[in-house]
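In case it helps, the numbering used here puts the sequence shown at residues 423 to 533.
The block underneath contains the structure these notes are about, expressed in structure tokens.
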Amino acid sequence: MPRKFRAKPASPFRYFNSSPEVIRLAVLMYVRFPLSLRNVEDLLAERGIDISHETVRYWWNRFGPLFAAEIRRQRVSRMRGFRHWKWHLDGDVREAQWRNGLSLARRRSRR
423 MPRKFRAKPA SPFRYFNSSP EVIRLAVLMY VRFPLSLRNV EDLLAERGID ISHETVRYWW
483 NRFGPLFAAE IRRQRVSRMR GFRHWKWHLD GDVREAQWRN GLSLARRRSR R
């Protein structure tokens with residue numbers, strides 16, 4: 423019986439001459455900090471990486487959603503680490519809800 427061969431998904435970086443680390447660094451610098459494309463270009467030039475601001479823009483359009491999905495997946499997996507996590511209301515919200523309930527009850531009783 424032949425075994426089914428599951429192909430490894432192709433790397434999204436396979437057609438690029440730059441390393442995936444440089445691409446990830448450029449995109450995350452642009453997204454994480456309030457920098458323009460030219461600022462990212464300048465910061466990378468200080469590190470000895472010579473790329474254009476248009477290259478950063480192209481990488482951002484191409485790999486931004488990929489990195490965002492990866493961050494979302496990591497965030498969800500971290501939240502699943504807590505067995506019984508809940509959202510908690512603070513006292514101010516509960517007090518406002520209680521006061522609104524009282525005023526609503528008073529209005530109904532006046533009718």
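Here a beta-carbon is modelled for each residue, glycine too, at the ideal position from N, C-alpha and C.
Setting aside the 5 residues that flank it on each side, Phe438 is surrounded in the same chain by Ile445, each with a C-beta closer than 7 Å to its C-beta; the list follows chain order. When C-alpha distances from Ser433 are compared across Leu450, Leu488, Glu468, Arg502, the shortest belongs to Leu488. In this structure Ala448 is buried. Its beta-carbon is surrounded by 16 or more other beta-carbon atoms within 10 angstroms. Annotation: Leu457 to Leu465 spans about 10 Å, alpha carbon to alpha carbon. In the structure shown, Ala490 falls within a helical segment according to DSSP collapsed to helix, strand and coil. According to the DSSP assignment, Leu447 belongs to the alpha helix (DSSP H) that extends over 442–454. With fewer than 16 neighbouring CB atoms inside 10 Å of its own CB, Phe427 falls in the exposed class.
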